[in-house]
Ligand code: F6P
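Residue numbers (the working numbering): 16 to 539.
Right, here's the structure in full:
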C-alpha cells in the first residue's frame, strides 16, 4: 500500500493542483458536517490517491482500534493503560469499562464536584486564578481560556508553567494574594517545574496575607502527593491514569476553563467534543472528518516527505493553538519505534508549527511561498467573529485567509511576473527582477471553516485534532500515548542541578557541558 502511494506521489509530482479542478472537486474533496467544513481540494490528492489512503487506514485497522479505544481497552500498550479522554466528555453516553468496572459514575461525580466548587469560587471574593502546571497541565487550559475570552464571566485566569522564575514573578506581581486562588495542576504531582512554582506561590501567598490552607486546589491522579503538599481532599480533583496529560483538559485539568466561562459553557465545550467523537465513530470513509484530516497528514508527511506542517488559524484567539498542537501531535507521534519494538519504516509525525493570520503573513509566509521546501498549510477561519460592530475586520480576515491558500496553489509564472513590472524595467534587468517575483505555486493547503469560535466549536476542533493524531498513530503503528522521549533530559537535569549549584564538580561531564557549567558558575 505504501508502495502504491509512492507511485501516486511520483505521478503527482509534476501535476498541477489546479488541473485537478472540475465541476465537482470542491464538493468531492471536502468534508461537511453539521457545524464545519474541511476543504482539502487544494492538495494534490486525486480520487485514486484518496481511495488508496482510505485503503491504508482500513488495512491498519483504524476502525477496530478506534472501537478498542472507546470501549476502554488498554491500547497504550507500553504503559498498559486504557486511553479514555473520550470518557470525560461522554456526558450521556453509556458505560465504559476498564478492568471490569464502569468508569462513568466516577467521571460524572468528579464533574459534578468540579461544578459545585467552580460555582462557589465564582460566587466568592476570588478575583484571580493562577493555574500552575506545564505541558498538558498548562497548554490545553491556557489555549482554551484565551480562545473563549468572549465567554469569560468569572475570575481572571493566569497561567504559570516555566520554571524560569521570571514567569511566576511576572504573573504574581499584579495579583492580590488575599483574593487569588492557586490551582496546582499536575497529573503526577512530581513534575519539578510545577512543584517548584507551587512552593513559590505558597510562600508568596503566606508573605502577602493570603491563606494557602484555603486558597489552593489541586488537579492530579496522585492523591498521596497532593495530601503531602497540604491540599485538603475536598479541594483535590482527581482523575485516572487513562487520561494522558496532553488529552486532559476535558476533566479536572480544565478547571480553570470552567472557572472562566462557567459550568454551562464548560458543558457546551464537552458537548462539542462529544459531537466530534460521535461523528468519528459513525461517519464512513471519506465522510469522516478526523480520518480525512489524518490521511491528508499522512499523504504530506509520510508519502510526499514534507517535513513540517503549518497550523494557521485566522482567529486571533486561537493564538495558542499551534503550541497546544505541538505537544498534542509531536509528543504523541514523534517516535521512531513501532508498538512492537521494531524500527519505524516510515517517517514519524511532522514538525508542527504556526501562528495566527494575518500576523504570520508579515513574518514567515515569505518562506512558505518562495522557500525551497514545501510546507503544507492548515488554514482555519470562522464565518463570524464576536465583534459584530467590527464586521469589516472579519471580512478582511476571511479574505486574507482564502487569498493565501489561493496564492499558494496558483503561484505566479515568470511571464506573469514580467508583465507586472514591464513598465518599470527592461532587458536583462527585467529578467532579473521578474525572477524574484515568481511564485512556484502548486503548494498544498487545507482550510477548516466553522461558524464561530464558541465553546461547542472549540470542543469540536480540539477533539478533531485528537482523533487525527490517533488515526495517524495507528497507521504508523506507533503508541501515540506514551512519551519516553522526555525522560532522558529530565534525568540529566536532576543530575546536573548539584553541579550547577557548585555542590559537585563538573568533571565527568563532556567537555562542552563542563565548560558551559564553569562559565555560568564563574559569573553567577
Ligand atoms: O514531560 C512531559 C510531560 O510528562 C507531559 O506529557 C505532561 O503533559 C507534562 O510533562 C506535565 O506532567 P504533569 O501533569 O504530570 O505535571
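Don't be surprised by glycine CBs; every beta carbon is placed ideally from N, CA and C.
So for residue i, helix, strand or coil by DSSP?
i, result
"residue 396", "strand"
"residue 504", "helix"
"residue 203", "coil"
"residue 70", "helix"
"residue 147", "strand"
"residue 210", "helix"
"residue 496", "coil"
"residue 319", "coil"
"residue 489", "helix"
"residue 89", "coil"
"residue 465", "strand"
"residue 460", "strand"
"residue 7", "Since the first residue of the chain shown is 16 and the last is 539, residue 7 is not available in this structure."
"residue 182", "helix"
"residue 60", "coil"
"residue 55", "coil"
"residue 414", "helix"
"residue 96", "strand"
"residue 450", "helix"
"residue 37", "coil"
Just to confirm my understanding: we take residue i, look at its own chain, exclude 5 residues before and 5 after, and list those with CB closer than 6 angstroms. What are they?
i, result
"residue 467", "397 and 399"
"residue 94", "497"
"residue 341", "367"
"residue 77", "486 and 489"
"residue 413", "396"
"residue 251", "233 and 241"
"residue 246", "231 and 233"
"residue 254", "236, 266 and 267"
Here's the rule: buried if 16 or more other CB atoms are within 10 angstroms of the residue's CB, otherwise exposed. What is residue i?
i, result
"residue 42", "exposed"
"residue 330", "buried"
"residue 149", "buried"
"residue 332", "buried"
"residue 442", "exposed"
"residue 482", "buried"
"residue 476", "buried"
"residue 219", "buried"
"residue 527", "exposed"
"residue 393", "buried"
"residue 47", "exposed"
"residue 469", "buried"
"residue 372", "buried"
"residue 92", "exposed"
"residue 191", "exposed"
"residue 23", "buried"
"residue 205", "exposed"
"residue 411", "exposed"
"residue 407", "exposed"
Can you tell which of the options has the C-alpha that lies nearest to the C-alpha of residue i?
i, options, result
"residue 49", "423, 471, 512 and 444", "471"
"residue 55", "180, 385, 36 and 274", "36"
"residue 30", "88, 20, 53 and 61", "61"
"residue 44", "23, 66, 27 and 24", "66"
"residue 136", "46, 231 and 57", "231"
"residue 301", "27, 38, 72 and 17", "72"
"residue 143", "109, 341, 189 and 480", "189"
"residue 161", "464, 74 and 271", "271"
"residue 501", "375, 521, 350 and 370", "350"
"residue 114", "279, 89 and 121", "89"
"residue 452", "431, 464 and 438", "431"
"residue 292", "493, 40, 105 and 362", "105"
"residue 81", "275, 246 and 298", "298"
"residue 196", "274, 164, 167 and 168", "274"
Does any residue of chain D have a CB that is nearer than 8 angstroms to the CB of residue i?
i, result
"residue 234", "Note that chain D does not occur in the displayed structure, where there is just one protein chain."
Can you give me the Cβ contacts of residue i inside the same chain, cut-off strictly under 8 angstroms, excluding the 5 residues immediately before and after it?
i, result
"residue 58", "32, 44, 311, 314, 315, 391, 459, 460 and 461"
"residue 74", "16"
"residue 87", "97, 99, 102, 111, 112, 113, 118 and 257"
"residue 429", "449, 450 and 453"
"residue 493", "348, 350, 352, 353, 354, 359 and 363"
"residue 21", "318"
"residue 85", "101, 111, 292 and 296"
"residue 436", "445, 448, 449 and 452"
Who are the Cβ neighbours of residue i in its own chain at under 7 angstroms, not counting the five residues just before and after it?
i, result
"residue 193", "224 and 225"
"residue 201", "148, 152, 209 and 235"
"residue 308", "53, 479 and 483"
"residue 517", "536"
"residue 157", "174 and 335"
"residue 110", "117 and 119"
"residue 433", "445 and 449"
Does the distance between the C-beta of residue i and the nearest non-hydrogen atom of ligand 2 fall short of 7 angstroms?
i, result
"residue 350", "No copy of ligand 2 appears in this structure; the ligands present are ligand 1."
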